[in-house]
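Heads up, our numbering is the position in the sequence shown plus 743, with the first residue counted as 1.
A short worksheet on the structure shown next.
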Amino acid sequence: MGPLCSLFFPYKLGAHDNAHLSPPEFTIQELMRRNGHEFIDILKVDVEGAEFDALAAFLKPFVGPHAPPLPIGQLEIEIHAWGDLGSFAYFYPWWTLLERAGLRPFFTEPNLPHVSHLQARPDVVEVRSSLAFSRAER
744 MGPLCSLFFP
754 YKLGAHDNAH
764 LSPPEFTIQE
774 LMRRNGHEFI
784 DILKVDVEGA
794 EFDALAAFLK
804 PFVGPHAPPL
814 PIGQLEIEIH
824 AWGDLGSFAY
834 FYPWWTLLER
844 AGLRPFFTEP
854 NLPHVSHLQA
864 RPDVVEVRSS
874 LAFSRAER
């Protein structure tokens with residue numbers, strides 16, 4: 744076995760797969776498939792507002808009593824709730840989708856450089872979530 748290495752590609756995380764865009768856009772499921780991953784221990788997402796659509800597309804197949812188990816152990820996201828993304832009407836259904844998939848927040852951290860350096864509203868925060876229970880416990 745050769746040395747361990749990391750590969751980075753200029754891809755965009757999104758709700759749909761489109762290899763013809765520049766940069767190419769892929770779903771989390773497609774990136775997992777391309778890399779041979781069936782499970783991710785910790786998924787870190789910081790995609791400057793695209794987290795809403797990308798994670799909604801990823802989580803929807805894992806919601807419901809007969810859905811397969813979520814293929815991640817923990818999710819760490821930086822939420823960019825600026826503009827309409829921060830409205831209750833937009834944010835609440837998205838947040839409840841995370842909960843319906845079995846995720847529960849256990850840590851939040853405001854993005855202090857966003858507030859102090861940019862002197863902006865506190866509309867960016869990091870949230871760490873993990874599965875609250877197994878499917879058998881539902």
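Positions of the beta carbon are idealized from the N, C-alpha and C atoms, including for glycine.
Check	Outcome
Neighbourhood of Phe801 by C-beta, 6 Å cutoff - its chain only, sequence neighbours within 5 removed	Ile771
Backbone secondary structure at Asp789 - three-state DSSP	coil
Of the listed residues Leu828, Ile783, Ile785, nearest to Glu794 (C-alpha basis)	Leu828
Identity of the residues DSSP links to Arg847 by a beta bridge	Ser873
DSSP beta-bridge partners of Leu756	Phe769
Lys755 versus Ala797: straight-line alpha-carbon distance, rounded	10 Å
Within 8 Å, strictly: CB atoms of Ser873 and Gly807	no
Bounding residues of the alpha helix (DSSP H) (the contiguous stretch that carries Leu798)	794 to 802
Distance between Pro811 and Phe805 (C-alpha atoms, nearest Å)	6 Å
Cβ neighbours of Ala844 in the same chain (closer than 7 Å, five flanking residues each side left out)	Leu802, Phe805, Val806, Leu813
Within-8 Å CB hit, His763 to chain D	No chain D is part of this structure, which consists of one protein chain only.
Sequence-distant residues of the same chain with beta carbon closer than 7 Å to Pro753, five excluded per side	Pro766
CA-to-CA distance, Trp837 to Met775, given in whole angstroms	22 Å
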